[in-house]
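J.: In this note's numbering, the protein residues as written are 2 to 186. Think of the CB as a built atom: it goes at the ideal place given N, C-alpha and C, for glycine as much as any other residue. The following block contains the structure, expressed as structure tokens.
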């Protein structure tokens with residue numbers, strides 16, 4: 002692994018993995034809709050479970066876009082710190098007889114400050130906006146199943162106390178200024 006004493010790429014410490022994010026989204030959807038944990042599923046799974054029947058309420062959740070509209074790097078205490086704020090667009094598809102009511106419960110619940118605080122404190126996620134609730138019924142075995150889709154936009158910054166985003170800069174004298182921010186090291 003390269004550091005600033007020799008040429009090469011410096012790799013920032015990675016953030017949480019996909020399983021962590023899936024767990025956080027699962028908990029938020031369960032908490033805001035009242036659906037049991039087994040009825041809130043990751044959208045894409047290596048071995049998908051059997052689809053519940055048309056009479057059962059359930060939800061498929063997945064991140065469909067991860068953007069990074071801005072970031073910054075600075076030097077502090079012998080380390081380069083990187084702070085990138087991600088924008089996550091999450092698609093929640095609700096199925097079953099109460100699909101519309103569940104989508105509304107998720108949307109409306111995200112506007113309540115106490116719920117947003119739980120999302121921030123437990124998962125370092127901040128609510129930005131909820132899109133329209135869009136009917137998207139599916140024809141399965143010659144039978145229409147109710148489905149309502151809603152996109153939720155969240156942001157996530159690094160957990161700096163965990164070391165996320167840190168890079169190993171050992172020799173501050175070897176580099177005069179940062180190419181990103183122009184600050185002297």
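I'd like to know whether the C-beta atoms of residue 62 and residue 30 end up nearer to each other than 7 Å.
T.: Yes, the Cβ-Cβ distance between residue 62 and residue 30 is below 7 Å.
J.: Is residue 57 buried or exposed, if buried means 16 or more other CB atoms sit within 10 Å of its CB?
T.: With fewer than 16 Cβ atoms within 10 Å of its Cβ, residue 57 is classed as exposed.
J.: Out of curiosity, what's the CA-to-CA distance linking residue 102 and residue 149?
T.: So the two alpha carbons sit approximately 9 Å from each other.
J.: For residue 36, which residues from the same chain have a beta carbon less than 8 Å from its beta carbon, with the 5 sequence-adjacent residues on both sides left out?
T.: Same-chain partners within the cutoff: 30, 58, 59, 60, 103.
J.: Look at the alpha carbon of residue 73 and the alpha carbon of residue 124, and state the distance between them as a whole number of angstroms.
T.: So the alpha carbons of these two residues sit roughly 22 Å apart.
J.: Could you give the distance in angstroms between the alpha-carbon of residue 69 and the alpha-carbon of residue 83?
T.: So the alpha carbons of these two residues sit roughly 13 Å apart.
J.: Within the continuous alpha helix (DSSP H) that includes residue 115, where are the two ends?
T.: Per DSSP, residue 115 belongs to the alpha helix (DSSP H) from 114-124.
J.: Using a threshold of 7 Å, state whether the C-beta atoms of residue 138 and residue 145 are closer than that.
T.: It is a contact, given that the beta carbons lie within the stated cut-off.
J.: With H, G and I counted as helix, E and B as strand and the rest as coil, what does DSSP make of residue 52?
T.: Reduced to three states, the DSSP call for residue 52 is coil.
J.: Using the Cα positions of residue 114 and residue 25, report the straight-line distance between them to the nearest angstrom.
T.: In a straight line, the C-alpha of residue 114 is about 17 Å away from that of residue 25.
J.: Going by beta-carbon coordinates alone, are residue 107 and residue 34 separated by less than 7 Å?
T.: Yes; because the gap between Cβ atoms is below 7 Å, this pair is in contact.
J.: Drop a sphere of 10 angstroms on the beta-carbon of residue 121, count the other beta-carbons inside from all chains shown, and report buried for 16 or more, exposed for fewer.
T.: Answer is exposed; the Cβ neighbour count stays below 16.
J.: Return the chain-ordered list of same chain residues with a C-beta closer than 6 Å to the C-beta of residue 27, the five sequence neighbours on each side being excluded.
T.: Here the set comprises 41.
J.: For the candidate residues 71, 21, 152, 19, whose alpha-carbon lies nearest to that of residue 90?
T.: Residue 90 has its Cα closest to that of 152, out of 71, 21, 152, 19.
J.: Residue 156 and residue 119: beta carbons closer than 7 Å?
T.: In this structure, residue 119 does not lie closer than 7 Å to residue 156 by Cβ.
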